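In what follows, a structure is listed as structure tokens, so that the remarks can point back to it.
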Amino acid sequence: MYPVGSLLVYGRNGVCRVREIATRPGNGERLYYTLKPLYTTETIIIPVDTKVALRPVLTRGQAEELVRSIPSIETEAIRITSLPALSRYYQDAYQTSDCVELLRLIKSIHEKNRSATDNGRKPGKLDERYLRLAEDQLYGELCVALDLEREEVPSYIREVLASAS
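The opening residue of the sequence shown carries number 1 in UniProt numbering; numbering runs sequentially from there.
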């Protein structure tokens, strides 16, 4: 069980702070977390023994190592032409809340968009939507782990990658 005050990543809701651990009226002795996402106004109440992805935020060291590993993360060629199938593919990758998978998704969509632009086409709206969602989720966690403002994360990544090359 995570203590009150812990910062956790809860699925697609991103980084949340544990506000309370308590039983709920009518649910016996079962304990529930009250989570407050850092970047939205909602409140989430979930059972402590939930099967949904719930994990601690990366440590600073893990975040720094993740950023340094970006060049080695392989992209996937996205050749799905059906919008419903493409949406499912993006959603499955996005909902893992795994930072490496989010980076793979971001890099793959950037590559797909670059190819579209090189061929005189605009990037697709679905591509842009999931690129933004993945970046928001990843940057939200990195800014907490690295003690940065959210808008500083892209430049931090560029600086680290530039100094490594």
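Backbone N, C-alpha and C fix where the C-beta goes; we use that ideal spot for every residue, glycine too.
Note that this is a predicted model, so its numbers are computed, not measured.
Assigned exposure category for Gln137 - 16 Cβ within 10 Å defines buried: Gln137 should be labelled buried.
Taking 8 Å as the cut-off, decide whether the C-beta atoms of Val57 and Ala145 are in contact. In this structure, Ala145 lies closer than 8 Å to Val57 by Cβ.
Neighbourhood of residue 168 by C-beta, 6 Å cutoff - its chain only, sequence neighbours within 5 removed: Look at the range of the chain in this structure, 1 to 165, and you will see that residue 168 is not part of it.
So, for Ile73: in the same chain, excluding its five sequence neighbours on each side, which residues have a beta-carbon less than 7 Å away from its beta-carbon? Cβ neighbours of Ile73 within its own chain (closer than 7 Å, five residues either side excluded): Val100, Leu103, Arg104 and Lys107.
Segments of 3+ residues assigned as beta strand (DSSP E) that fall wholly inside the region 34-95: Listed in chain order, the complete beta strand (DSSP E) runs (minimum 3 residues) inside the region 34-95 are 44-47 and 54-56.
Can you give the beta carbon distance from Leu126 to Ser87, rounded, assuming they're within the 8 Å contact cut? With 8 Å as the limit, Leu126 and Ser87 qualify as a contact, their Cβ atoms being about 6 Å apart.
Report the rounded CA-to-CA distance for Glu65 versus Leu7, giving the unit in angstroms. Straight through space, the alpha carbons of Leu7 and Glu65 are spaced by roughly 19 Å.
If Tyr94 sits next to Tyr139, beta carbons under 8 Å apart, how far is it from one beta carbon to the other, in whole angstroms? Between Tyr139 and Tyr94 the Cβ distance is about 14 Å, and since that is not below 8 Å, they are no contact.
With distance defined between alpha-carbon atoms, name the residue in Tyr89, Ile45, Glu42 and Cys16 nearest to Glu76. Among Tyr89, Ile45, Glu42 and Cys16, the Cα nearest to that of Glu76 belongs to Tyr89.
Between Val67 and the rest of its own chain, which residues show a CB-CB distance below 6 Å, the 5 nearest in sequence each way excluded? By the criterion of a C-beta distance shorter than 6 Å, Val67 is surrounded in its chain by Ile157 and Val160, once the five residues flanking it on both sides are discounted.
Report the rounded CA-to-CA distance for Ile45 versus Thr34, giving the unit in angstroms. If I take the Cα positions, the gap works out to 5 Å.
Determine whether the beta carbon atoms of Arg17 and Gly5 lie at a separation below 8 Å. Their beta carbons are under 8 Å apart, which means Arg17 touches Gly5 by this criterion.
Would DSSP call Leu148 helix, strand or coil? Coil at Leu148, not helix or strand.
Is it buried or exposed, Ala22, if we count other Cβ atoms within 10 angstroms and call 16 or more buried? By the neighbour-count criterion, in which 16 or more other beta carbons inside 10 Å mark a residue as buried, Ala22 falls on the exposed side.
Mark Leu83 as exposed unless 16 or more other C-beta atoms lie within 10 angstroms of its C-beta, in which case mark it buried. With fewer than 16 Cβ atoms within 10 Å of its Cβ, Leu83 is classed as exposed.
How far does the alpha helix (DSSP H) with Tyr156 in it reach, from first residue to last? Boundaries of the alpha helix (DSSP H) around Tyr156: Val153 to Ala164.
Residues that DSSP places opposite Ala134 in a beta bridge: Paired residues: none, contrary to the question.
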